[in-house]
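Written out below as structure tokens is the structure these notes cover.
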Amino acid sequence: METAVTTIRAKEKAAKRKFKHRLMEQRYLLLMLLPAIIWAVLFAYLPMAGLYMAFINYQPKLGSFWTNMFHGEFVGLKWFDYFFSNGDFFIIMRNTLASTLLTLIVSFPIPIMIAIAVNEIKGAAFKKTVQTVSYLPHFISWVIAANIIVTVLSSDGIVNDVLKWLHLTKDSVFFLQEGKYFWWIVAFGNTWKEMGYSSIIYLAAISSINLDLYEAAKVDGAGRFKQILYVTLPHLKPTIVILLILSLGGVLNAGFDQHFLLSNGLNMDYSDVLSTYSFRYGLQNSMFSYASAVGLFNSVVAFIIIVIVNSASKRFNNQSLF
Numbered sequence: 389m390e391t392a393v394t395t396i397r398a399k400e401k402a403a404k405r406k407f408k409h410r411l412m413e414q415r416y417l418l419l420m421l422l423p424a425i426i427w428a429v430l431f432a433y434l435p436m437a438g439l440y441m442a443f444i445n446y447q448p449k450l451g452s453f454w455t456n457m458f459h460g461e462f463v464g465l466k467w468f469d470y471f472f473s474n475g476d477f478f479i480i481m482r483n484t485l486a487s488t489l490l491t492l493i494v495s496f497p498i499p500i501m502i503a504i505a506v507n508e509i510k511g512a513a514f515k516k517t518v519q520t521v522s523y524l525p526h527f528i529s530w531v532i533a534a535n536i537i538v539t540v541l542s543s544d545g546i547v548n549d550v551l552k553w554l555h556l557t558k559d560s561v562f563f564l565q566e567g568k569y570f571w572w573i574v575a576f577g578n579t580w581k582e583m584g585y586s587s588i589i590y591l592a593a594i595s596s597i598n599l600d601l602y603e604a605a606k607v608d609g610a611g612r613f614k615q616i617l618y619v620t621l622p623h624l625k626p627t628i629v630i631l632l633i634l635s636l637g638g639v640l641n642a643g644f645d646q647h648f649l650l651s652n653g654l655n656m657d658y659s660d661v662l663s664t665y666s667f668r669y670g671l672q673n674s675m676f677s678y679a680s681a682v683g684l685f686n687s688v689v690a691f692i693i694i695v696i697v698n699s700a701s702k703r704f705n706n707q708s709l710f
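Numbering of the sequence shown is given in the numbering used here, commencing with residue 389 and proceeding in unit increments.
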């Protein structure tokens, strides 16, 4: 018995010495990581104390913000009940889910296609040109991107000119004045802006594939299409699954910038989503607690979706985020 206890203690001491040795060995790497940890604590974890605002009737007053908040009238789930019971909930959720899911359907496969197509291009100059052109929209702010979209879709814009030239319509179509077009506009706008940049991850995954696999496929008589089908795509599968889980986790995050900048009084019934709704009530109507409740609802649902999708993927596909 004493021998067993002595052995366990010896192993514990050895593990501690090994841990201390690794800390000293990697001290510079840990020091480089310190700014990121500080940033996460300050801007990701400390602000979570403000979630308490969703359960009180917060009224800004003179003095400290934290004092006003923690001395506010506790109302429990009142703001959540108000959000679920008023007529806005179904409209906001419809717009948010429709816009996000349509964007996901349109934008998710396109970066994969771009990455595969760029990988298949043999000319280095043309390859770099395609990459640069597809990446550029990502670095344009949504303020500029929204103005480009508004100009292109205006009554005398290029889209209406093409439709008239093809005799698909006689009169100009007012895309941004009719709500039925709004979800599609946001979906294709998001795709245009992010497809090139999103393809970088897939290109990195493709570059890690062993070239001997392609040579073996050629020996077996596989052409380019079959090489993509039986070599490239199976090796992209883990990356695709992880990014799909992350994308589904943000299913209620339809994007504030694009909806706020492209919306107007005529398409508001289709453009108002959770982020713009909470902004309008929180900052414009000064209903801070109500806006906090809406934001908390968004975060909780997103977390639940990520856990469910991740568990399903791990069970049926043996691929997961955690």
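Glycine residues also receive a C-beta, built at the ideal position from the N, C-alpha and C atoms.
By DSSP's criteria, F462 is part of a beta bridge. Which residues make up the other side?
Within the sequence shown, residue 462 is the residue found at index 74, counting from 1. Beta-bridge pairing links F462 to I444.
> V574: buried (16+ other C-beta within 10 angstroms of its C-beta) or exposed?
Replying inline: Here residue 574 is taken as the residue at index 186 of the sequence shown, counted from 1. V574 comes out buried.
Q) Around the Cβ of L684, are there at least 16 other Cβ atoms within 10 angstroms (buried) or fewer (exposed)? A) As a first step, residue 684 is located in the sequence shown; it is residue number 296 there, counting from the start. By the neighbour-count definition (other C-beta atoms within 10 Å, threshold 16), L684 is a buried residue.
Check your understanding: Based on Cα-Cα distance, which residue from H459, L430 and G451 lies nearest to I444?
Key -> Residue mapping note: residue 444 aligns to position 56 of the sequence shown, counting from 1. Looking at the Cα atoms, H459 is the closest of the given residues.
Would you mind working out which of P423, F407, W530 and P435 sits nearest S680, comparing C-alpha positions? Position 292 of the sequence shown, counting from 1, holds the residue named residue 680. Taking only the C-alpha atoms, the option nearest S680 is P435.
Outcome for D544 when other beta-carbon atoms lying within 10 angstroms are tallied against a minimum of 16 | Looking up residue 544 in the sequence shown gives position 156. D544 should be labelled exposed.
*When you compare only the Cα positions, how much space is there between L465 and I546?*
What you label residue 465 is simply residue 77 of the sequence shown in a count that begins at 1. What you label residue 546 is simply residue 158 of the sequence shown in a count that begins at 1. Computed Cα separation, rounded: 50 angstroms.
Do T557 and L564 have their CB atoms nearer than 8 angstroms? As a position in the sequence shown, residue 557 is number 169, starting the count at 1. As a position in the sequence shown, residue 564 is number 176, starting the count at 1. Contact: no.
**Prompt:** Count the other CB atoms within 10 Å of the CB of V506; is the residue buried (16 or more) or exposed (fewer)?
**Reply:** The count along the sequence shown starts at 1 and reaches residue 506 at position 118. Counting Cβ neighbours within 10 Å, V506 comes out buried, since at least 16 surround it.
(request) Please list the segments of the alpha helix (DSSP H) lying wholly inside the region 535-562, counting only runs of 4 or more residues, in order along the chain. (result) 546-553
Q.
For a test of your reading of the model: does the CB of T455 fall under 7 angstroms from any non-hydrogen atom of the ligand PLP? Yes or no.
A. Among the ligands in the structure shown, none appear at all, so the ligand PLP cannot be discussed.
Boundaries of the alpha helix (DSSP H) in which D476 is found, first to last residue:
In the sequence shown, residue 476 corresponds to position 88, counting from 1. Element bounds for D476: D476 to S495.
Buried or exposed, going by whether 16 or more other CB atoms sit within 10 Å of the CB of W454? Stepping through the sequence shown from its first residue, residue 454 is reached at position 66. W454 is exposed by the Cβ-count criterion.
Contact defined as beta carbons within less than 8 angstroms: I believe V518 pairs with I509. What is the distance between those atoms, to the nearest angstrom?
On the sequence shown, residue 518 is found 130 positions in, with the first residue counted as 1. On the sequence shown, residue 509 is found 121 positions in, with the first residue counted as 1. Rounded, the Cβ-Cβ distance is 7 angstroms, consistent with contact.
Checklist entry - Do you know offhand how far G643's Cα is from G475's? => result Here the question's residue 643 lines up with position 255 in the sequence shown. Here the question's residue 475 lines up with position 87 in the sequence shown. Roughly 22 angstroms separates the two Cα atoms.
Nearest neighbour of G653, chosen from K401, F570 and A428 [CA to CA]:
Taking the sequence shown and counting its residues from 1, the one referred to as residue 653 is at position 265. With distances taken between Cα atoms, G653 lies closest to F570.
So, with DSSP's three-state summary, where would you put L418? As a position in the sequence shown, residue 418 is number 30, starting the count at 1. DSSP places L418 in helix when its eight states are reduced to three.
Restricting to Cα atoms, I'd like to know which of F691, M583 and Q615 is closest to L636. Against the sequence shown, residue 636 aligns to sequence position 248. The shortest Cα separation from L636 among F691, M583 and Q615 belongs to F691.
Item checked: beta strand (DSSP E) segments (min. 3 residues) lying fully within the region 557-605 -> none
- Query: Cα separation between I696 and L492?
  - Reply: What you label residue 696 is simply residue 308 of the sequence shown in a count that begins at 1. What you label residue 492 is simply residue 104 of the sequence shown in a count that begins at 1. Answer to the nearest angstrom: the Cα atoms are 18 angstroms apart.
Measure the alpha-carbon distance for T627 versus V639 and round it to whole angstroms. Start at 1 with the first residue of the sequence shown, and residue 627 comes out as number 239. Start at 1 with the first residue of the sequence shown, and residue 639 comes out as number 251. Using only the alpha carbons, I get a separation of about 19 angstroms.
Check your understanding: Is the distance from the Cβ of L601 to the Cβ of I480 below 8 angstroms?
Key -> Here residue 601 refers to the residue found at position 213 of the sequence shown. Here residue 480 refers to the residue found at position 92 of the sequence shown. Contact flag unset, no.
query = Do L650 and S659 come within 8 angstroms of each other at the CB atom, strictly closer than that value?
reply = Taking the first residue of the sequence shown as position 1, residue 659 is located at position 271. Taking the first residue of the sequence shown as position 1, residue 650 is located at position 262. Yes. Within cutoff.
- request: Name the residue from I588, R703, P622 and N706 whose alpha carbon lies nearest to the alpha carbon of N598.
  value: Position 210 of the sequence shown, counted from the first residue, corresponds to residue 598. The shortest C-alpha separation from N598 is found at P622.
Quiz item: How should L624 be labelled, buried or exposed, when 16 other C-beta atoms within 10 angstroms of its C-beta is the threshold for buried?
Solution: Taking the first residue of the sequence shown as position 1, residue 624 is located at position 236. L624 should be labelled buried.
Distance CB(T664)-CB(H647) smaller than 8 angstroms:
Numbered from 1 along the sequence shown, position 276 holds the residue referred to as residue 664. Numbered from 1 along the sequence shown, position 259 holds the residue referred to as residue 647. Contact: yes.
Report the three-state DSSP secondary structure of L524 (helix, strand or coil). For the purposes of this step, residue 524 is taken as the residue at position 136 of the sequence shown. Reduced to three states, the DSSP call for L524 is helix.
Quiz item: For the candidate residues R668, D657, E400 and F704, whose alpha-carbon lies nearest to that of K568?
Solution: To locate residue 568, count along the sequence shown from 1; it is residue 180. Per the Cα distances, D657.
Report task. With a threshold of 16 other CB atoms inside 10 Å of the CB of S487, please say whether the residue is buried or exposed. Result -> The residue given as residue 487 occupies position 99 in the sequence shown. Buried is the call here.
*Assuming P499 and S587 form a contact by the criterion Cβ under 8 angstroms, report the distance between their Cβ atoms to the nearest whole angstrom.*
Here residue 499 refers to the residue found at position 111 of the sequence shown. Here residue 587 refers to the residue found at position 199 of the sequence shown. Confirmed, about 4 angstroms.
(message) One question on the structure: do Y678 and W467 come within less than 8 angstroms of each other, judged by their Cβ atoms?
(response) The sequence position of residue 678 within the sequence shown is 290, counting from 1. The sequence position of residue 467 within the sequence shown is 79, counting from 1. Cβ atoms of Y678 and W467: closer than 8 angstroms.
Exercise. Measure the C-alpha to C-alpha separation of A605 and K408 and round it to an integer number of angstroms.
Key: Your numbering for residue 605 matches position 217 in the sequence shown. Your numbering for residue 408 matches position 20 in the sequence shown. Distance between the alpha carbons of A605 and K408: 48 angstroms.
Buried or exposed by the 16-neighbour rule on C-beta atoms within 10 Å, applied to F527:
Position 139 of the sequence shown, counted from the start, is the residue given in the question as residue 527. Exposed is the call here.
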